[in-house]
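Trainee: In numbering that gives the first Met the number 0, the protein residues as written are 0 to 758.
For glycine and all other residues, C-beta sits at the position ideal for the given N, C-alpha and C.
Please read all numbers here as calculations on a predicted model, not as lab measurements.
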Amino acid sequence: MTGSNGPRAKPIPPPPLAEPLPQLADTIQPHGVLLVLDPAADTILQVSENSQTHLGVAAQPLVGAPLSTLMSPEQGEALRRVAPAIADRPLPLPLTVTTPAGPLPCDGFLHRTATALILELEPTIATAPADFLSVHGLVRQTLDRIQQADSSLALLQSVVAAIQDLTGYDRVLICQFDAQGAGEVVAEAKGAGVSSFLGQRFPATDIPPAIRESYAQGKLRAIPQIQAEPVPLFPRLHPPTGHPLDLSRAVLRSSAPCSVAYYTNMGVASALVLSLCQARTLWGVVSCHHLTPKRLSYEIRAACEFIAQMAASELANQLRQEDLQQRAKLSALRSELIASITQAHNLMDALIQPEERLLTLVAASGAAICLGHELTLIGTTPTADQVQALIEWADRHITEPLFHTPCLSQTYPEAEAFKATASGLLLLRISRVQHYLILWFRPEVIQSIAWAGNPEAGVQVDAQGQIQLGPRTSFALWRETVYATALPWQPFEISGAIDLRNAIVGIVLNKADELARLNQELQHSNRELTAFAYAAAHDLKEPLRGIYNYANILMEDYAAILDEDGLDYLAEIQAFSQRMETLINALLRVAQLRQTQLKRSLTDLNHLLAEAVAIVRASRPDIPFELRLPRSLPQIQCDAPLLNEVFRNLISNAIKYHDRPDRWVEVGYRDPDQGSRDAEAATPTWVFYVQDNGIGIQAEHLSEVFKLFKRLHPQERYGDGAGVGLAIVNQIIERHGGRIWVESTPGQGSTFFFTLADA
Ligand code: ADP
Numbered sequence: 000m001t002g003s004n005g006p007r008a009k010p011i012p013p014p015p016l017a018e019p020l021p022q023l024a025d026t027i028q029p030h031g032v033l034l035v036l037d038p039a040a041d042t043i044l045q046v047s048e049n050s051q052t053h054l055g056v057a058a059q060p061l062v063g064a065p066l067s068t069l070m071s072p073e074q075g076e077a078l079r080r081v082a083p084a085i086a087d088r089p090l091p092l093p094l095t096v097t098t099p100a101g102p103l104p105c106d107g108f109l110h111r112t113a114t115a116l117i118l119e120l121e122p123t124i125a126t127a128p129a130d131f132l133s134v135h136g137l138v139r140q141t142l143d144r145i146q147q148a149d150s151s152l153a154l155l156q157s158v159v160a161a162i163q164d165l166t167g168y169d170r171v172l173i174c175q176f177d178a179q180g181a182g183e184v185v186a187e188a189k190g191a192g193v194s195s196f197l198g199q200r201f202p203a204t205d206i207p208p209a210i211r212e213s214y215a216q217g218k219l220r221a222i223p224q225i226q227a228e229p230v231p232l233f234p235r236l237h238p239p240t241g242h243p244l245d246l247s248r249a250v251l252r253s254s255a256p257c258s259v260a261y262y263t264n265m266g267v268a269s270a271l272v273l274s275l276c277q278a279r280t281l282w283g284v285v286s287c288h289h290l291t292p293k294r295l296s297y298e299i300r301a302a303c304e305f306i307a308q309m310a311a312s313e314l315a316n317q318l319r320q321e322d323l324q325q326r327a328k329l330s331a332l333r334s335e336l337i338a339s340i341t342q343a344h345n346l347m348d349a350l351i352q353p354e355e356r357l358l359t360l361v362a363a364s365g366a367a368i369c370l371g372h373e374l375t376l377i378g379t380t381p382t383a384d385q386v387q388a389l390i391e392w393a394d395r396h397i398t399e400p401l402f403h404t405p406c407l408s409q410t411y412p413e414a415e416a417f418k419a420t421a422s423g424l425l426l427l428r429i430s431r432v433q434h435y436l437i438l439w440f441r442p443e444v445i446q447s448i449a450w451a452g453n454p455e456a457g458v459q460v461d462a463q464g465q466i467q468l469g470p471r472t473s474f475a476l477w478r479e480t481v482y483a484t485a486l487p488w489q490p491f492e493i494s495g496a497i498d499l500r501n502a503i504v505g506i507v508l509n510k511a512d513e514l515a516r517l518n519q520e521l522q523h524s525n526r527e528l529t530a531f532a533y534a535a536a537h538d539l540k541e542p543l544r545g546i547y548n549y550a551n552i553l554m555e556d557y558a559a560i561l562d563e564d565g566l567d568y569l570a571e572i573q574a575f576s577q578r579m580e581t582l583i584n585a586l587l588r589v590a591q592l593r594q595t596q597l598k599r600s601l602t603d604l605n606h607l608l609a610e611a612v613a614i615v616r617a618s619r620p621d622i623p624f625e626l627r628l629p630r631s632l633p634q635i636q637c638d639a640p641l642l643n644e645v646f647r648n649l650i651s652n653a654i655k656y657h658d659r660p661d662r663w664v665e666v667g668y669r670d671p672d673q674g675s676r677d678a679e680a681a682t683p684t685w686v687f688y689v690q691d692n693g694i695g696i697q698a699e700h701l702s703e704v705f706k707l708f709k710r711l712h713p714q715e716r717y718g719d720g721a722g723v724g725l726a727i728v729n730q731i732i733e734r735h736g737g738r739i740w741v742e743s744t745p746g747q748g749s750t751f752f753f754t755l756a757d758a
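(1) Just to confirm, is the Cβ distance from residue 31 to residue 251 under 8 Å?
(2) Which class does residue 248 belong to by DSSP, given the choice of helix, strand or coil?
(3) Residue 645: beta carbon under 7 Å from a heavy atom of the ligand ADP?
(4) Across which residues does DSSP place residue 405 in a beta bridge pair?
(5) Where residue 189 and residue 177 are concerned, what is the direct C-alpha to C-alpha distance, given to the nearest angstrom?
(6) So within the segment 40-103, which uninterrupted beta strand (DSSP E) runs reach at least 3 residues, ignoring any that extend past its ends?
(7) Among 165, 375 and 171, which one has its Cα closest to the Cα of residue 156?
(8) Report whether the distance from the Cβ of residue 738 to the nearest heavy atom of the ligand ADP is below 7 Å.
(9) Using DSSP with H/G/I as helix, E/B as strand and the rest coil, what is residue 597?
(10) Pull up the distance between the alpha-carbon of residue 560 and that of residue 566, whole angstroms please.
(11) Are at least three pairs of beta-carbons, each pair with one atom in the segment 648-657 and one in the segment 682-696, less than 8 Å apart?
(12) Among the residues of its own chain, which have a CB less than 6 Å from the CB of residue 33, if the five just before and after it don't count?
(13) Buried or exposed: which applies to residue 357, given that a residue is buried once 16 or more other Cβ atoms fall within 10 Å of its Cβ?
(14) Excluding the 5 residues preceding and the 5 following residue 341 in the sequence, name in chain order all residues of the same chain whose CB lies nearer than 7 Å to its CB.
(15) Answer yes or no: do residue 720 and residue 734 have a C-beta to C-beta separation smaller than 8 Å?
(16) Taking C-alpha atoms, which residue in 421, 272 and 231 lies nearest to residue 253?
(17) Measure the CB-CB distance between residue 425 and residue 361 and report whether it falls below 8 Å.
(18) If you compare alpha carbons, which of 50, 57, 69 and 79 is closest to residue 41?
(19) Between the C-alpha atoms of residue 761 and residue 618, what's the straight-line distance to the nearest angstrom?
(20) What's the C-alpha gap between residue 569 and residue 581?
(21) Under 8 Å by Cβ, that's how I've got residue 502 and residue 439 pegged, so tell me the actual separation to the nearest angstrom.
(22) Strictly under 8 Å for the Cβ-Cβ distance: is residue 218 near chain B by that measure?
(23) Once DSSP output is grouped into helix, strand and coil, what is the label at residue 21?
(24) Alpha carbon to alpha carbon, how far is residue 159 from residue 169? Give it in angstroms, no decimals.
(25) Heavy atom of the ligand ADP less than 7 Å from the Cβ of residue 656, yes or no?
(26) Using a threshold of 8 Å, state whether the C-beta atoms of residue 85 and residue 249 are closer than that.
(27) For residue 57, tell me which candidate among 643, 233, 724 and 514 has the shortest Cα-Cα distance.
(28) Rank 100, 94 and 496 by C-alpha distance to the C-alpha of residue 329 and give the top, closest one.
(29) With residue 135 as the anchor, note down where its alpha helix (DSSP H) starts and where it stops.
(30) Check the C-beta distance from residue 185 over to residue 152 and give it rounded, since I have them as a contact under 8 Å.
(31) Could you check if residue 497 belongs to the surroundings of the ligand ADP, using beta carbon to heavy atom distance under 7 Å?
(32) Could you check what DSSP says for residue 163 in three-state terms: helix, strand or coil?
(33) Just the C-alpha distance for residue 347 and residue 659, rounded to the nearest angstrom, thanks.
(34) For residue 216, does the three-state DSSP call read helix, strand or coil?
(35) What is the rounded straight-line gap between the Cα of residue 237 and the Cα of residue 90?
(36) Cβ-heavy atom distance between residue 626 and the ligand ADP below 7 Å?
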């Protein structure tokens, strides 16, 4: 609404809800007469200077005269009787004043100050309500509507409509105050062509504490003619004290010049303000504006006051109910979120899908979810880097699981840079160990509000060079007080966040327990499976040996009586049982490896490799090859016999899966800090490799080759591999805490890498 482009209409100042004056006037408005009486209500001590106009008698002769000059002895007697019980709240009394022109019916108001009894007289007028219904009918109808309203907004709307009908004021609005005293126009009824203030806000500084206090006491304030000339008292000072009289409770008290300017600024000529109080706290006000002077009868003012009082008490019920409904809604939302977290596999997804849910939970406009190293931002937030820095700060400085502030820059000055999105922070630490946090953000209040008038237009200075107290000066003052501040986090939002934390902690812990249990079960069944494989393989060996031996006996002793086919079958039996023995041995080896304890010692890998190569050369004298060693190998902590087995397997594969005569195998390593993929590990991790110029492996088989009994070629090609060697190698490397992988270009060769931590 403060757009800077194009011609701008004359700014409309915010609605005045009260007179923005710190001190109250000691003059009265001219539509009535004020008499100051002695405490016993016998004698007139002071009179407003307009007595001639209304009562037909000048002020001077009335001072010192008995009250009976103005009324019948019966009325005077009645006044004297009630006087001792009169308090500081004006009591309405219908009176008939004796004037030279005859009896004058007046609305009288009697109240007491610390030093005097004050009788105010307003000549009675009869104003009909704007609506065709009688005052009584309108009030009754309004009360019905108020009681039937199904929302606080509907209730307030029926109040403004009724008060407009009753008073005929051009604009009737209701302003609600927040905890800081800033107001927002939440309901409005107005005539055609009258400008609207609905939805607009005004700063707390618009209402000084003295005025706010008088409204909190449930006062009605009527100013029939803003521009009317104020009338002083005669004599000006109160005779018994010699000081100006305290008129703060007087119905007729006039508005101070600043207040007049405030209303006039807005084009308002007449105003009526009614307070809406709950338990003596000012919740808001009904503010009525008329563009021309307008006087209301006491009857109508009293009806308005009654409606306002009824509305305030019904409103309290309605708000309590809405609050409960809101809490129930949030609690349902929280339960729904917790249910999704319980069922989800992924905590992050459960939290942020849908995004709106997490934000609505605490009425935030943005949030950051940090789960370990994963950071996700939703809604309107500072940048990821800013959030990261904020989290690091919180890790160092916030020990409590919950932290909330409406003004983050007070504790974390860097937040000034992103006050527009995150002046308010609600931080929930779910787990310090796992580094799980949720941060909710609220924008600076000033960003989120529709302001009446143009706040940037500056201070207004009048013709005399005086700074005019008005909405814009007020705004500037107010802006200071809410700088970098968001709307405060409500207690039920905070407790909702704590509930959420407890639920997540419970769920995360449960999941961790469940995982640990599954892990244990898995380890157990793994052990059982290994034991089973070992026992089965072991027991199979004996009958197998029997089959082989009997086949041998048959071959040696009965060859003569068998024909050629019989001999072939026998040879097959021998070959099959031999192969089966190889497989069983391999199985036994794998099972054994799983169970054996590693025996690490500092080993010179150069010696170890030399031994392994010697064994390979001895077992395959038919396959000559060149060993390439770019540099000597390091000494590391490892189980030497097992690592020997690793090199033997890898080197024999390297020379076996080959179809060229010029075979070479290169063994080397990368420096721990260069090649290590486990750069964060505490101990240096070596990456060794065994490279060949053999046939290579197709990309789709690269991970397959480490599986037990996996062979890529038929048995008759490239020798009689059982598909076990790499499974054993894998097992040994894993037992050492390392990993193995292969890179290869088919037709050019393969490189097997494995890591070993120098534990
Ligand atoms: P095997 O005992 O049959 O050699 P391995 O477990 O050692 O079994 O290897 C599994 C399969 O991986 C082999 O059958 C072979 O096809 C493939 N392989 C292993 N090493 C190499 C290599 N250096 N070059 C090409 N293929 C290889």
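Mentor: Put simply:
(1) Within the sequence shown, residue 31 is the residue found at index 32, counting from 1. Within the sequence shown, residue 251 is the residue found at index 252, counting from 1. Their beta carbons are under 8 Å apart, which means residue 31 touches residue 251 by this criterion.
(2) Here residue 248 corresponds to residue number 249 of the sequence shown, with the count starting at 1. Correct three-state label for residue 248: coil.
(3) The residue you call residue 645 lines up with position 646 of the sequence shown. Result no, Cβ not under 7 Å from the ligand ADP.
(4) Reading the sequence shown from its first residue, position 406 is the one you call residue 405. According to DSSP, which records beta bridges pairwise, residue 405 is partnered with nothing at all.
(5) As a first step, residue 189 must be located in the sequence shown, where it is residue number 190. As a first step, residue 177 must be located in the sequence shown, where it is residue number 178. Between residue 189 and residue 177, the C-alpha separation is close to 24 Å.
(6) 43-47 and 90-98
(7) By 1-based counting over the sequence shown, the position of residue 156 is 157. Checked all of 165, 375 and 171; the closest Cα to residue 156 is 171.
(8) For the purposes of this step, residue 738 is taken as the residue at position 739 of the sequence shown. False, no ligand heavy atom lies under 7 Å from that Cβ.
(9) Counting from 1 along the sequence shown, the entry for residue 597 is found at position 598. Here residue 597 sits in coil by DSSP.
(10) Translated into positions along the sequence shown, residue 560 becomes position 561. Translated into positions along the sequence shown, residue 566 becomes position 567. Each residue's alpha carbon lies about 10 Å from the other.
(11) yes
(12) Working through the sequence shown from its first residue, we reach residue 33 at position 34. Closer than 6 Å at Cβ, skipping near neighbours: 27, 47, 119 and 251.
(13) Here the question's residue 357 lines up with position 358 in the sequence shown. Buried, because 16 or more other Cβ atoms sit within 10 Å of the Cβ of residue 357.
(14) If you number the sequence shown from 1, residue 341 lands on position 342. If we look at residue 341 and ignore the five residues flanking it on each side, its Cβ neighbours are 506.
(15) Here the question's residue 720 lines up with position 721 in the sequence shown. Here the question's residue 734 lines up with position 735 in the sequence shown. No, they are not a contact pair.
(16) Here residue 253 is taken as the residue at index 254 of the sequence shown, counted from 1. Looking at the Cα atoms, 231 is the closest of the given residues.
(17) For the purposes of this step, residue 425 is taken as the residue at position 426 of the sequence shown. For the purposes of this step, residue 361 is taken as the residue at position 362 of the sequence shown. Going by C-beta atoms, residue 425 is nearer than 8 Å to residue 361.
(18) For the purposes of this step, residue 41 is identified with residue 42 of the sequence shown, where counting begins at 1. Looking at the Cα atoms, 79 is the closest of the given residues.
(19) Residue 761 is absent from the structure shown; the chain starts at 0 and stops at 758.
(20) As a working mapping, residue 569 is identified with position 570 in the sequence shown. As a working mapping, residue 581 is identified with position 582 in the sequence shown. Those two C-alpha atoms are separated by around 19 Å.
(21) If you number the sequence shown from 1, residue 502 lands on position 503. If you number the sequence shown from 1, residue 439 lands on position 440. The Cβ separation is near 16 Å, so there is no contact.
(22) In the structure shown, chain B cannot be found, because there is only a single protein chain.
(23) To locate residue 21, count along the sequence shown from 1; it is residue 22. Any reading at residue 21 must be qualified, since the residue scores a pLDDT of 38, below 50, and its modelled position is unreliable; the value itself is stated next. Residue 21 falls in the coil class under three-state DSSP.
(24) Taking the first residue of the sequence shown as 1, we reach residue 169 at position 170. Taking the first residue of the sequence shown as 1, we reach residue 159 at position 160. Distance between the alpha carbons of residue 169 and residue 159 is about 11 Å.
(25) Numbered from its first residue, the sequence shown carries residue 656 at position 657. Correct: residue 656 has its Cβ closer than 7 Å to the ligand ADP.
(26) Along the sequence shown, one-based indexing puts residue 85 at 86. Along the sequence shown, one-based indexing puts residue 249 at 250. Taking 8 Å as the Cβ cut-off, residue 85 and residue 249 do not qualify as a contacting pair.
(27) Here the question's residue 57 lines up with position 58 in the sequence shown. Comparing Cα-Cα distances from residue 57 to each of 643, 233, 724 and 514, the minimum goes to 233.
(28) As a working note, residue 329 is residue 330 in the sequence shown. Of 100, 94 and 496, the residue nearest in Cα terms is 496.
(29) In the sequence shown, the residue the question calls residue 135 occupies position 136. Here the alpha helix (DSSP H) through residue 135 covers 134-147.
(30) The residue you call residue 185 lines up with position 186 of the sequence shown. The residue you call residue 152 lines up with position 153 of the sequence shown. About 7 Å; that satisfies the 8 Å criterion.
(31) Against the sequence shown, residue 497 aligns to sequence position 498. False, no ligand heavy atom lies under 7 Å from that Cβ.
(32) Indexing the sequence shown from 1 puts residue 163 at position 164. Three-state DSSP puts residue 163 in a helix.
(33) Against the sequence shown, residue 347 aligns to sequence position 348. Against the sequence shown, residue 659 aligns to sequence position 660. When rounded, the distance between both Cα atoms is 54 Å.
(34) Walking along the sequence shown from the start, residue 216 turns up at place 217. DSSP places residue 216 in coil when its eight states are reduced to three.
(35) In the sequence shown, the residue the question calls residue 237 occupies position 238. In the sequence shown, the residue the question calls residue 90 occupies position 91. In a straight line, the C-alpha of residue 237 is about 22 Å away from that of residue 90.
(36) Mapped onto the sequence shown, residue 626 falls at position 627. Checking every heavy atom of the ligand ADP against the Cβ of residue 626, none is found closer than 7 Å.
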